[in-house]
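The block underneath contains the structure these notes are about, expressed in structure tokens.
Numbering (UniProt numbering), first residue to last: 1 to 200.
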């Protein structure tokens, strides 16, 4: 019975993903940038590397390389999240996380994220995560679904970097963790102000 429910849930999710504007989202990830360098609302690479060093600890060189590459590709973010997450997949997968959102002009706040995925993906992992947030007009604008292809991840110094998009906003998760995960999947991250078990 449980396997039949899992198959039905995966089929429903595949239908849902098929209705989302993935091509537009992928183009947005490539062309949208954050605030101009030096903007009072953005965070520069030195500030992000310092926060990353304190959060990730001994993996300081890897986080510096990953942040430099993210800023080279997408510019300076106007917010970032530090947190932890866990995920697992057997073709269909789930991810849950929690952390704190840091901004210049709206203070800090707790934030949670969940998301399903579907693809050729097997395994599980737990990770410390730093997410760079771009083009965020106000903090509540983050409470939506950000679509991306997790197989687009690349690794720098032991850190995995991906990008997910919604409208003009981009979130770039940088993950360092333990576990075994192999494959490519498509899915989304849904950010919420309160924890929930519902990934949809």
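In this text, a Cβ means the ideal position worked out from N, Cα and C, and glycines have one as well.
| query | result |
| --- | --- |
| Beta-carbon proximity of residue 195 to residue 98, cut-off 8 angstroms | yes |
| CA nearest to the CA of residue 51, picked from 81, 70 and 146 | 81 |
| For residue 129 and residue 85, believed in contact at Cβ under 8 angstroms, the rounded distance | 5 angstroms |
| Own chain residues within Cβ distance below 7 angstroms of residue 56, not counting five before or after | 63, 128 and 176 |
| Nonlocal neighbours in the same chain, by C-beta distance under 6 angstroms from residue 144, ignoring five residues either side | 166 |
| From 96, 104 and 141, residue whose alpha carbon lies closest to that of residue 126 | 96 |
| DSSP-derived helix/strand/coil call for residue 113 | strand |
| Collapsed DSSP secondary structure at residue 192 in the structure displayed | strand |
| Residue 66 (DSSP reduced to helix, strand or coil) | helix |
| Residue 68 versus residue 199: straight-line alpha-carbon distance, rounded | 31 angstroms |
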